[in-house]
Amino acid sequence: MFNIEPYLDEIRRLCKDFGVKELTLFGSALTDEFHDASDVDFFVELDDSPKGLKRYLALNRELGKLLERPVDLVMPNAVKNEALLRHMRREVQNCYAA
């Protein structure tokens, strides 16, 4: 399991800087399946300000640098399979909400 707690203050600062409405941790980081080579998965919702893709990519890069591992950012509205989305949302930890 990945301990996100030591990073939360910096994650919240990044979220404010990049116009994030909500950032939620999910996936193997919340389970015993997490290991040294695992990435960290987040659901992310951005505000409606311009340059969404640019902000998304920059946030992904900055989170990866902070956590020192690959990061996957998933926008929930991009997941078209409802069963898959429900499965992904089974166990989550909220990291930021505007």
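UniProt numbering puts the first residue of the sequence shown at 1, with every later residue one more than the last. Note that CB positions come from ideal geometry on N, CA and C, so glycine has one too. Source: prediction; values computed, not measured.
(Q) Taking the straight line between their C-alpha atoms, what separation do you get for R69 and A29? (A) R69 and A29: Cα-Cα distance of roughly 12 Å.
Q.
Among the candidates C15, M1 and H87, whose CA atom is the shortest distance from the CA of S38?
A. The residue with the shortest Cα to Cα distance from S38 is M1.
Q: Could you say which of E22, L66, G27 and D9 lies nearest to R89 if we only look at CA atoms?
A: R89 has its Cα closest to that of G27, out of E22, L66, G27 and D9.
Q: Check each candidate in D47, G64, V79 and N81 and name the one with the smallest Cα separation from A97.
A: With distances taken between Cα atoms, A97 lies closest to D47.
Q: Take I11 and list the residues in its own chain whose beta-carbon comes closer than 8 Å to its own, dropping the five residues that flank it on each side.
A: I4, L23, L63, L66, C95 and Y96.
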